[in-house]
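Asks:
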Amino acid sequence: MSCMRQCPTQAIRVHNGKSTFSNELCIDCGGCISACPSSAIVPSIDHVENISHFKYKIILPTPVLYSQFDPRIHPYVIQEGLRQLGFDEVVNLTLTSAILTRAMKLYLRSYRGRRPLISSYCPSIVRLIQVKYPDLVELIIPIDVPREIAAREIRMTYPRKLGLKPEDLGLFYVSNCPAKIVAVRQPAERQKSWFDGVHSIREIYSALVPIVNELNKEFDPRQIPDDFSFGVGWISSGTLTRSLRLEKWLVVAGLDNVIKIFDDIETSRIRDIDFIEATAHMLGCVSGTFNVENPYVARANSMKQAEKYDTPLKLDEDAISRQLEEGRFYLENSVLPRPLRFFDTDLEISIKRMRERERVFNKLPQIDCGCCGAPTCMAFAEDFVHGLAELSDCIFLRPHHS
Amino acid sequence: MTIETIKKVLGATVLAGTELLQTEIRYVYASDLMSDVLAFGKSDSILLTGLASQQAVISAHMAEFKGVVLIRGKKMKDGAEQFAHHHHIVLMSTDHDMYESCVLINGALHGTAEIAAPEAQTPANDGIILHNHFEIEGSDFANAGMVSTDVKSILKKVGIDTAIVRRVAISMYESEMNVIMHAKRAKVDLRLAPQYIELSVDDEGKGIPDVELAMQEGFTTSTEEQRAMGFGSGMGLPNIKRNSDELAVTSEVGKGTVVRMRFLL
């Protein structure tokens, strides 16, 4: 039942010892995966083996991958390790992040609509808004995420550059969380992802560690090519906002906090803020479900890596501004609200049902014990009204004769 | 009386056994207690029940009933339709509650009520009102916004248009903040009807000496500290006025203020 209590959108019910979840309410945050004491919730992921039919394989790991390693290990060694795993090329996504940061700044500067705008890079946050805050959907910044922008760029340019057939080019993502895996597998903001496959950090890490340790023993900084660049990206909550250098900003992390902030936007308690960076996990992507390293250690690693290895980027500001105008950075499809699950499309019936919910709720002990299989007494009352629960499921309403 | 007649009287939808609607029944048995159904039910009856589980259909089958009507719009959840179909039992669902259903059937039996057409059954304005109460404590800044959030979640769940929900949420929040800043406590009444949403915030506090003045933008009686916290810029009531369709403010100095706002649906 830990998963049920954990779920931020109350999508999980437990009946007869088994959990079921509602697809329409799930925001792919992975809270249930971490919460399950018996590791019964397993996301479906691709396996590293089925990539051999591509002639040229490129891996674009989330920058979080680097933070899983000791900062004394040079990022170049980690990339070299990935190449030894069977990839022809490793692309660092932080250059794209830097370009998109710039594009976002330009977008924010010329934006005149309703505020605050909300960052779009955490897919669970985008889902949360779609599922629970349809009125806030229009506030999501329509700028796409670095991985897809980078992957599209590669798809457009590489086949010609390398004389390859488009289908011979294999692009793979390494994800730190289930939400990004779903975003690649079943993208909501585009027809199809530009990636061919996605792996979890956890999976790649176990294969990568022995190789990286071996390589590190013989590593000589002179091996690093001149064009090597490194950046840490938006992997901990607040890094994006800091690099945007805005005045009226807010950074919020952790779904409980995010939900409170979104409620406050709706009641207009939050005013005079231009931009909100919101992430589902407490420290941002470094706390993702599929990470191996403790999030605080990962964040520290990442900060130390930034000090040691960050290479200054030369961005062509005019080109970015032009590309933004051409629409190169925008989400391919607009984000739409998912239909809310209300009681009935007929308002009169719906009001009656709500009255029923209140009546049932008042009869319940209101201690949220969870024994009925619903996370809260309110959720149980709602399930009952939807016809999905029996009053006798509540142990307090059950007759005492047995 | 045929099951078809019961269906019409109750405006019921058939969940199983459409082909059996012409079956004659002799009695209607209304109960949620299946042991009573088995003990006292007579054969050739139809069962009116709120028990939306297979148990109801099994009991009806045991008692040789011809049909089961679920009240209050319930739906079967555990494959009871198949069971009903298999055992030739008509399974229907009506939006009426148990008492209404009994009265309607009784009326049809004794000719006191016309067999209601579906439209006639939808009560036009017979007080389909949701009435909820909330309380706000003065100076309770930690919980500021709770009532607005509760009201908002009720309206979303009922399926009110998001643009209206936003206006209600903003108005309620302004009102809530007024209570927290200026009053001891307040009772909030939410009334939700198919035609309107009404919120009334009735506070115990010092009252407003000049309501008209308070309605002007920028007029404020807040302290420096409150303004430093980002409240009391004198936009509260004007903001409610802008967001609501009707606003009535009555106040008695030394006793309190009642803010009543309406939003038309």
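The listed protein sequences correspond, in order, to chains A and B. Start counting the first sequence at 1; every next residue gets the next number (this note's numbering). Start counting the second sequence at 1; every next residue gets the next number (this note's numbering). Where a beta carbon is used, it is the ideal one built from N, C-alpha and C, also for glycine. Note that the coordinates shown come from a computational prediction; the quantities given were computed from them, not determined experimentally.
Over the uninterrupted alpha helix (DSSP H) stretch that includes B/G256, give me the two end residues.
Replies: Taking the second sequence and counting its residues from 1, one reaches residue 256 of chain B at position 256. No alpha helix (DSSP H) contains B/G256, which is instead part of the beta strand (DSSP E) from G256 to L264.
Asks: Using the Cβ count rule (16 or more neighbours within 10 Å means buried), how would you classify A/G17?
Replies: In the first sequence, counting from the first residue as 1, residue 17 of chain A sits at position 17. Flag for A/G17 reads exposed.
Asks: Name the DSSP beta bridge partners of B/E137, please?
Replies: The residue given as residue 137 of chain B occupies position 137 in the second sequence. According to DSSP, B/E137 bridges with B/R185.
Asks: Along the segment 343–370 of chain A, where does the CB come closer than 9 Å to a CB of chain B? Name the residues.
Replies: Cβ contacts with chain B come from F343, D344, T345, D346, L347, E348, I349, S350, I351, K352, R353, M354, R355, E356, R357 and E358.
Asks: Mapping the DSSP letters down to three states, classify A/P339 as helix, strand or coil.
Replies: The residue you call residue 339 of chain A lines up with position 339 of the first sequence. Reduced to three states, the DSSP call for A/P339 is coil.
Asks: With distances taken Cα to Cα, identify the nearest neighbour of B/V253 among B/K206, B/Q216, B/E246 and B/M235.
Replies: Taking the first residue of the second sequence as 1, we reach residue 253 of chain B at position 253. The shortest Cα separation from B/V253 among B/K206, B/Q216, B/E246 and B/M235 belongs to B/K206.
Asks: Verify the CB distance criterion: does A/T267 have a CB-CB separation below 7 Å to chain B?
Replies: Along the first sequence, one-based indexing puts residue 267 of chain A at 267. Output row for A/T267: interface = yes.
Asks: Between the alpha carbons of B/L51 and B/R26, how many angstroms are there, rounded?
Replies: Residue 51 of chain B sits at position 51 when you count from the first residue of the second sequence. Residue 26 of chain B sits at position 26 when you count from the first residue of the second sequence. Distance between the alpha carbons of B/L51 and B/R26: 22 Å.
Asks: Can you give me the C-alpha to C-alpha distance between B/G159 and A/K363, rounded to a whole angstrom?
Replies: Taking the first residue of the second sequence as position 1, residue 159 of chain B is located at position 159. Taking the first residue of the first sequence as position 1, residue 363 of chain A is located at position 363. Taking the straight line from one Cα to the other gives about 24 Å.
Asks: In this structure, how does DSSP classify A/F21 when only helix, strand and coil are distinguished?
Replies: Counting from one through the first sequence, the residue named residue 21 of chain A turns up at place 21. Note: A/F21 maps to strand in three-state DSSP.
Asks: So with Cβ pairs under 7 Å, would you call A/P8 a contact of chain B?
Replies: Here residue 8 of chain A is taken as the residue at index 8 of the first sequence, counted from 1. Chain B contact via Cβ: absent.
Asks: Count the other CB atoms, across all protein chains shown, that sit within 10 Å of the CB of A/P221; report buried if there are 16 or more and exposed otherwise.
Replies: Counting from one through the first sequence, the residue named residue 221 of chain A turns up at place 221. Result: exposed.
Asks: With a threshold of 7 Å between beta-carbons, can A/G86 be considered close to chain B, or not?
Replies: As a position in the first sequence, residue 86 of chain A is number 86, starting the count at 1. Taking Cβ atoms only, chain B never reaches closer than 7 Å to A/G86, which makes this a no.
Asks: On a Cα-Cα basis, can you pick out the residue from A/T94, A/F87, A/I270 and A/I140 that is closest to A/Y111?
Replies: Walking along the first sequence from the start, residue 111 of chain A turns up at place 111. Minimum Cα distance to A/Y111 is reached at A/I140.
Asks: Any beta carbon of chain B sitting closer than 7 Å to that of A/G387?
Replies: Taking the first sequence and counting its residues from 1, the one referred to as residue 387 of chain A is at position 387. Judged by the 7 Å Cβ criterion, A/G387 is in contact with chain B.
Asks: Which same chain residues, not among the five before or five after A/S229, have their C-beta less than 6 Å away from its C-beta?
Replies: Along the first sequence, read from residue 1 onward, the residue named residue 229 of chain A stands at position 229. Contacts found: T311.
Asks: Alpha carbon to alpha carbon, what distance is there between A/C377 and A/R13?
Replies: Along the first sequence, read from residue 1 onward, the residue named residue 13 of chain A stands at position 13. Along the first sequence, read from residue 1 onward, the residue named residue 377 of chain A stands at position 377. Roughly 12 Å separates the two Cα atoms.
Asks: How is A/A389 classed by DSSP in three states: helix, strand or coil?
Replies: Counting from 1 along the first sequence, the entry for residue 389 of chain A is found at position 389. Three-state result, A/A389: coil.
Asks: Let me see if you follow: with CB-CB separation under 7 Å, is A/D393 close to chain E or not?
Replies: Structure shown: chain E not included; protein chains present are A and B.
Asks: Suppose the cutoff is 8 Å on Cβ atoms and the five residues either side in sequence are ignored; what does the same chain contact list for A/P166 look like?
Replies: In the first sequence, the residue the question calls residue 166 of chain A occupies position 166. These residues qualify, in order along the chain: R155 and P159.
Asks: Closer than 7 Å, CB to CB, is B/I58 near chain A or not?
Replies: Position 58 of the second sequence holds residue 58 of chain B. It does not: the Cβ of B/I58 has no partner Cβ on chain A nearer than 7 Å.
Asks: Per DSSP, what are the beta-bridge partners of A/W249 in this structure?
Replies: Along the first sequence, read from residue 1 onward, the residue named residue 249 of chain A stands at position 249. BP columns for A/W249 point to A/F275.
Asks: Answer yes if the segment 235–254 of chain A comes into contact with the segment 336–343 of chain A, meaning at least three C-beta pairs across the two stretches below 8 Å, and no otherwise.
Replies: no
Asks: So with CB distances below 7 Å, who are the chain A contacts of B/S148?
Replies: By one-based count along the second sequence, residue 148 of chain B stands at place 148. Neighbours of B/S148 on chain A, chain order: T267.
Asks: Look up B/T18 in the DSSP assignment and say whether it is helix, strand or coil.
Replies: Within the second sequence, the letter at position 18 stands for residue 18 of chain B. B/T18 falls in the helix class under three-state DSSP.
Asks: Using beta-carbon positions only, say whether B/L190 and B/V151 come within less than 7 Å of one another.
Replies: Locating residue 190 of chain B in the second sequence gives position 190, where the first residue counts as 1. Locating residue 151 of chain B in the second sequence gives position 151, where the first residue counts as 1. Yes.
Asks: Specify the secondary structure class of A/I235 as computed by DSSP and reduced to three states.
Replies: Taking the first residue of the first sequence as 1, we reach residue 235 of chain A at position 235. Looking at A/I235 - three-state DSSP - the assignment turns out to be coil, as it is neither helix nor strand.
Asks: With respect to the alpha helix (DSSP H) encompassing B/G236, which residues constitute its N-terminal and C-terminal limits?
Replies: On the second sequence, residue 236 of chain B is found 236 positions in, with the first residue counted as 1. G236 to N243 is the extent of the alpha helix (DSSP H) around B/G236.
Asks: Compute the beta-carbon to beta-carbon distance between A/S200 and A/F290, rounded to the nearest angstrom, for a pair I have assumed lies under 8 Å.
Replies: Within the first sequence, numbered from 1, the residue matching residue 200 of chain A stands at position 200. Within the first sequence, numbered from 1, the residue matching residue 290 of chain A stands at position 290. Right, the Cβ-Cβ distance comes to about 4 Å (below 8 Å), so this counts as a contact.
Asks: Could you work out which residues of chain A lie near B/T162, taking near to mean beta carbons separated by less than 7 Å?
Replies: The residue labelled residue 162 of chain B in the question sits at position 162 within the second sequence. In chain order: P134 and D135.
Asks: Are at least three pairs of beta-carbons, each pair with one atom in the segment 136–150 of chain A and one in the segment 18–37 of chain A, less than 8 Å apart?
Replies: no
Asks: Considering only their Cβ atoms, is the gap separating A/E348 from B/P238 smaller than 7 Å?
Replies: In the second sequence, the residue the question calls residue 238 of chain B occupies position 238. In the first sequence, the residue the question calls residue 348 of chain A occupies position 348. Not closer than 7 Å, so no.
Asks: I need the boundaries of the alpha helix (DSSP H) containing A/D263, first residue and last residue.
Replies: Stepping through the first sequence from its first residue, residue 263 of chain A is reached at position 263. From DSSP, the alpha helix (DSSP H) with A/D263 extends over L255 to E266.
Asks: Taking Cβ-Cβ distances shorter than 9 Å, what residues in chain B pair up with A/D227?
Replies: In the first sequence, counting from the first residue as 1, residue 227 of chain A sits at position 227. In chain order: nothing, as chain B lies at least about 49 Å away.
Asks: I'd like to know whether the C-beta of B/V188 is nearer than 7 Å to at least one C-beta of chain A.
Replies: The residue you call residue 188 of chain B lines up with position 188 of the second sequence. It does not; no Cβ of chain A falls within 7 Å.
Asks: Under a CB-based cut-off of 7 Å, is A/D422 close to chain B?
Replies: Lying before the first or after the last residue shown, residue 422 of chain A is absent from chain A, which here runs from 1 to 402.
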